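Just below is one structure, and these are the notes that go with it.
Residue numbers (the working numbering): 10 to 559.
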């Protein structure tokens, strides 16, 4: 009861400002009396208002609904606002100034600003208002450091917050407030897992094992990259240490954030298995990560898991699993609105489409080489996928520019996977130039930084032909065996699509069944099969089966 009384006072202090501000967000767990407090406050002030229960409404029609209600009421209340993102449609209506309507959002979780266009909304908040609401102040700092990645504004606000805390100007327990600051600092070390772990431990101690009040359980910690180890891997031989840190220390973070990033530990193991060529084991670990992440609503980890499963399925020639993954990613995309998450899905799908020679299906923003809505820490991953697209489309002039910039930025940001991809791009360019001495030097440099972690799958996906052509100039037995196994399967120079059709023939599929499994038309399948017969110098399915079974 005491907690409800405290909450009622806090709600009233917020609602007093509704005359001054066109939008007020009230956060509080279910059962804390938000609805009753708002009803009582507005009734006493004799305000006219209308309720909109968000769980019953289609978000796509939100603007139309708000515009309709703005003409009838002074105040609109969006009840049970569960998207955790202040919608750009709401911001647009509030800033148009065409009416005097005010909006109150009642949320069960803390809304966040994921779109950089909404940054101006944060900048409109007067600094004098912050000391009255220290947790709202911390929330803005959290968004500035992470979702908006405006380090300058975030640092300014953090310095002012710490100064106010030292002077005793803030209401609240000093230890708890400092614990929240440590949590913010942990998030800002997104590319240094060791430092993040240190800050999370300190935050847990200062918070006295309580759950953070500013953490958003749905913050996109992948920053838009479908490959998690890409964010953290900084030096050769470090992957096992990163996996060990997650196994040992991730629980500190999850205990104070209500299981945010659930599934990350299992996903890191899945990615380690994938990169070392253990595809079947990787799929099992990735599915485990997927179901844990799904349970805790960590959609970005789910996307990473599906991406890992898709890459493993591709190398195992499991076309059914690969198509299933692509469809699941499409289904997730239809339900989401957060720009970084949509960009992560686009990158995951694009990578798999490029591997399977379906470049026409790659998202337009990737084909044009734009960064899209990827957050700063993961932006190099969009350059990697763009470079892969340029290889498939044989645009080597642009690839040369992308490879040079990628290597330079990878060194600056200490992202080793970006360096590996940049060197692979250079290998392909040197092979085209037939510069053998430079090619051998680049291959050996690539092996030098990849071998300590056993990173072979990336080389298999992009550099298989280049490495096999120079096999006498490098030594890495396990990689050689993996590349040889792939070459043996495709010693006829077939495309990935043609190999897919060979798989279907060996499984006994009819032409109609092949069309359904691959997503192509029956006539298109017929055209592919004729080209396949000419390339192999055979005449029918029986001869094809004999050739490949042999």
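For each residue, glycine too, the CB sits at the ideal point set by N, CA and C. Note that the coordinates shown come from a computational prediction; the quantities given were computed from them, not determined experimentally.
Environment of residue i [buried if 16+ CB atoms lie within 10 Å]
i           : result
residue 257 : exposed
residue 502 : exposed
residue 556 : exposed
residue 45  : exposed
residue 200 : buried
residue 553 : buried
residue 447 : exposed
residue 52  : exposed
residue 420 : exposed
residue 148 : buried
residue 327 : buried
residue 426 : buried
residue 218 : exposed
residue 300 : exposed
residue 443 : exposed
residue 336 : exposed
residue 62  : exposed
residue 57  : exposed
residue 213 : buried
residue 424 : buried
residue 320 : buried
residue 528 : exposed
residue 206 : buried
residue 517 : exposed
residue 12  : Note that residue 12 scores 43 on pLDDT, short of 50, meaning its location in the model is unreliable; the coordinates nonetheless yield the value given after this. Exposed, because fewer than 16 other Cβ atoms sit within 10 Å of the Cβ of residue 12.
residue 531 : exposed
residue 482 : exposed
residue 236 : buried
residue 289 : exposed
residue 551 : exposed
Inter-residue spacing [alpha-carbon to alpha-carbon] between residue i and residue j
i           : j           : result
residue 520 : residue 504 : 19 Å
residue 334 : residue 311 : 11 Å
residue 112 : residue 76  : 12 Å
residue 561 : residue 368 : As displayed, the chain neither begins before 10 nor continues past 559, which places residue 561 out of reach and without an answer.
residue 546 : residue 295 : 41 Å
residue 176 : residue 146 : 16 Å
residue 244 : residue 466 : 18 Å
residue 187 : residue 476 : 53 Å
residue 275 : residue 297 : 7 Å
residue 255 : residue 171 : 30 Å
residue 389 : residue 239 : 9 Å
residue 325 : residue 339 : 22 Å
residue 309 : residue 456 : 31 Å
residue 230 : residue 322 : 25 Å
residue 173 : residue 291 : 49 Å
residue 379 : residue 391 : 8 Å
residue 79  : residue 34  : 18 Å
residue 522 : residue 216 : 59 Å
residue 352 : residue 242 : 21 Å
residue 508 : residue 372 : 24 Å
residue 534 : residue 524 : 6 Å
residue 3   : residue 401 : Only positions 10 to 559 of the chain appear in this structure, which leaves residue 3 out of reach.
residue 418 : residue 167 : 28 Å
Endpoints, beta strand (DSSP E) assigned at residue i
i          : result
residue 62 : 58–62
Residue i, enclosing alpha helix (DSSP H) - first and last residue
i           : result
residue 188 : 183–197
residue 333 : 328–344
residue 373 : 373–376
residue 220 : Run containing residue 220: none; DSSP gives neither H nor E here.
residue 142 : Taken as a continuous stretch (DSSP letters only), residue 142 belongs to no alpha helix (DSSP H), as it is neither H nor E.
residue 543 : 531–545
residue 358 : 348–364
residue 203 : 202–215
residue 406 : 405–422
residue 259 : 248–265
residue 565 : The structure shown does not extend to residue 565, since the chain spans only 10 to 559, so no value can be given for it.
residue 237 : 237–241
Exercise. Please go through the segment 279–318 and give each complete alpha helix (DSSP H) segment of 4 or more residues, from N-terminal end onward.
Key: 288–304
Quiz item: Is it a yes or a no for the segment 245–264 touching the segment 340–348, going by three-plus beta-carbon pairs under 8 Å?
Solution: no
Quiz item: At what residue ranges does the segment 441–524 contain a whole run of the alpha helix (DSSP H), taking only runs of 4 or more?
Solution: 445–459, 466–471, 473–478, 486–498, 505–515
Quiz prompt | Given 8 Å, three or more beta-carbon pairs between the segment 404–423 and the segment 431–443 | solution = yes
Practice problem: Specify whether the segment 478–495 and the segment 292–308 touch according to this definition: at least 3 beta carbon pairs, one from each stretch, less than 8 Å apart. | Solution: no
Practice problem: Determine, using beta-carbon pairs with one atom in the segment 220–234 and one in the segment 189–196, whether at least three such pairs fall under 8 Å. | Solution: yes
Practice problem: Say whether the segment 281–290 touches the segment 242–261, bearing in mind that this needs 3 or more beta-carbon pairs closer than 8 Å, one atom from each stretch. | Solution: yes
Quiz item: Does the segment 391–400 come close enough to the segment 359–375 to have 3 or more Cβ pairs within less than 8 Å?
Solution: yes
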